[in-house]
Ligand code: BES
Ligand code: MG
Ligand code: ZN
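Residue numbers (this note's numbering): 53 to 546.
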């Protein structure tokens with residue numbers, strides 16, 4: 053697939069042309085004049101006002117026909133980075149299993165910055181190319197639209213957009229990589245497979261890869277992490293990626309991901325219904341590794357460490373039992389009151405490791421609590437941490453990158469609630485109230501006073517249970533864009 057920027061479609065042979073139309077009754081700013089009227093008319097006649105609903109209008113011209121795909125892009129005034137990639141993805145998805153190979157996408161570059169519009173459109177096209185049916189044996193069930201060339205219609209000098217296309221490609225491919233890893237079933241994506249897939253991905257970057265097995269984790273004192281691995285015969289793995297983008301040691305930021313390749317709940321076993329979904333409980337790990345790949349490919353001027361804490365959570369004969377007490381890498385002791393609250397157990401050791409490696413800031417990403425879905429629904433990632441100035445930076449990065457995130461409060465009383473009668477901490481309070489906050493309150497105990505820390509609970513956003521116009525149901529690569537934007541912002545300050 054090749055991207056090419058054009059300012060006019062004259063003389064171009066196209067199988068399909070994707071045009072966003074706004075609620076105000078106007079098409080995108082770069083729509084060729086001869087098409088504007090038709091696009092607006094198609095949208096109006098069809099009358100479907102659902103956001104991103106694509107409408108195919110077959111147009112015959114002298115030497116064949118072109119699909120005109122009109123995408124309802126909402127109000128022009130509300131156009132932003134997220135809508136820009138989502139309309140492009142929705143338009144390309146309309147070509148699913150078609151024979152279209154040469155297409156064009158018209159960009160809106162008045163309502164948003166032309167460079168951002170370009171990067172977003174590229175991200176959207178790449179996003180649309182990924183499908184979850186990786187294990188269907190019938191090839192046509194998993195066939196992607198075999199696009200040869202994608203023309204991007206925008207005003208200005210085509211060469212000005214090379215960097216934006218490059219960024220969009222890197223981010224889009226990283227997001228799809230994370231989706232692919234999350235989508236794999238737990239028998240084919242064990243901790244060892246995650247380490248192998250990461251090595252392969254990193255082999256085309258300048259990232260340093262290090263994989264710690266259980267012996268090494270034990271030597272480091274990661275008793276909290278290893279307590280989760282006890283019930284499984286699969287070797288637990290800590291997958292570490294390092295990016296050196298500036299001189300000097302230490303890390304400007306660490307991304308720490310929850311990599312539970314299957315969460316049965318352990319001895320505090322989950323109900324059978326929907327348990328199969330717990331193959332995606334490693335989505336935080338997939339996202340932090342993907343974000344590191346982008347940081348490396350973009351060669352950002354900062355030092356980044358990504359730490360993926362990978363293990364299964366199973367109820368085997370050696371499994372940790374409710375009431376067991378374990379010692380974390382920080383030295384703090386934890387009473388494991390609920391073995392299904394395992395995400396926080398693996399994260400605290402990952403965070404301690406990152407801090408010992410010299411990380412000043414930590415963002416942890418995890419499908420941590422069912423409660424975040426109750427609190428925020430399906431659209432928003434929950435954000436907690438300290439200090440507030442850092443949370444504001446993370447929320448700003450989310451906003452600019454087009455991911456929806458929402459802060460939840462974290463108070464000393466919440467921290468109190470995670471204290472155990474027999475140990476320093478307990479991993480569950482037993483109450484269902486404020487579950488997302490209590491998860492963060494537990495993790496907080498591993499964060500040094502001088503570390504800036506944000507916890508992203510993506511249990512709400514990592515996986516769509518329904519198709520959306522711009523995405524099939526399934527894994528989303530949640531938080532990759534936000535981490536990338538944050539790293540870009542920090543790099544500018546170096
Ligand atoms: N992996 C789950 C959280 C989850 C639930 C992710 C649904 C995605 C969809 C996590 O390990 C878990 O089981 N959390 C418990 C915590 C509780 C025992 C304190 C939960 O949310 O019930
Ligand atoms: Mg084991
Ligand atoms: Zn769990």
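Yeah, the Cβ is synthetic: ideal placement off N, Cα and C, and Gly gets one too.
| Query | Result |
| --- | --- |
| Closest by C-alpha distance to residue 342, when choosing among 183, 249, 506, 170 | 249 |
| The segment 245-260 touching the segment 317-331, judged by at least three CB pairs closer than 8 Å | no |
| Residues of its chain near residue 95, where Cβ-Cβ distance is below 6 Å and the 5 sequence neighbours each way are ignored | 73, 122 |
| Any residue whose CB is nearer than 5 Å to a heavy atom belonging to the ligand MG, listed in chain order | 281, 284 |
| Start-end ranges of the beta strand (DSSP E) lying completely within the segment 110-139, minimum 3 residues | 116-124 |
| Nearest to residue 428 (by Cα), restricted to the options 445, 437, 488 | 488 |
| Residue closest to residue 545, alpha-carbon to alpha-carbon, out of 158, 304, 176 | 304 |
| Opening and closing residue of the beta strand (DSSP E) in which residue 334 lies | Note, residue 334: premise wrong, no beta strand (DSSP E); not H, not E. |
| Which of helix, strand or coil DSSP assigns to residue 355 | strand |
| Heavy atom of the ligand BES within 7 Å of residue 390 beta-carbon | yes |
| CB of residue 349 within 8 Å of CB of residue 455, strictly | no |
| Distance cut-off 7 Å: residue 480 Cβ against heavy atoms of the ligand BES | yes |
| In chain order, each beta strand (DSSP E) run of at least 3 residues that lies wholly inside the segment 159-191 | none |
| Member of 374, 433, 92 whose CA lies at the smallest distance from the CA of residue 76 | 92 |
| Residue span of the beta strand (DSSP E) that contains residue 307, given as start and end | 305-315 |
| Span of the beta strand (DSSP E) around residue 387 | 385-388 |
| Residues of its chain near residue 335, where Cβ-Cβ distance is below 6 Å and the 5 sequence neighbours each way are ignored | 234, 419, 514 |
| Residue burial classification, residue 128 (beta-carbon count within 10 angstroms, cutoff 16) | buried |
| Segment contact flag, the segment 190-205 with the segment 308-318, C-beta cutoff 8 Å, min 3 pairs | no |
| Residue 434 - DSSP class collapsed to helix/strand/coil | strand |
| Residues sharing a beta bridge with residue 322, DSSP | DSSP lists no partner for residue 322. |
| C-alpha distance - residue 495 paired with residue 245, whole-angstrom precision | 27 Å |
| Residues bridged to residue 403 (per DSSP) | Partner(s): none; residue 403 has no beta bridge. |
| Residue 301 beta carbon near the ligand ZN (any heavy atom closer than 7 Å) | no |
| Spatial distance of residue 172 from residue 66 (CA atoms) | 21 Å |
| Cβ contact (3+ pairs, closer than 8 Å) linking the segment 263-280 and the segment 397-404 | yes |
| First and last residue of the uninterrupted alpha helix (DSSP H) at residue 229 | 214-235 |
| Paired residues, beta bridge with residue 68 - DSSP | 119, 155 |
| Which of helix, strand or coil DSSP assigns to residue 260 | strand |
| Spatial neighbours of residue 260 in its chain, beta-carbon cut-off 6 Å, leaving aside the 5 residues before and after | 294 |
| Of the residues 108, 232, 299, 220, the one placed nearest residue 187, counting alpha carbons only | 232 |
| Rounded C-alpha distance that separates residue 440 from residue 80 | 38 Å |
| 4-residue-minimum alpha helix (DSSP H) runs that sit fully inside the segment 452-499, ordered along the chain | 464-469, 487-496 |
| At least three beta-carbon pairs within less than 8 Å, the segment 142-157 to the segment 167-182 | yes |
| 8 Å Cβ cutoff met for residue 353 and residue 530 | no |
| Three-state secondary structure assigned by DSSP to residue 328 | helix |
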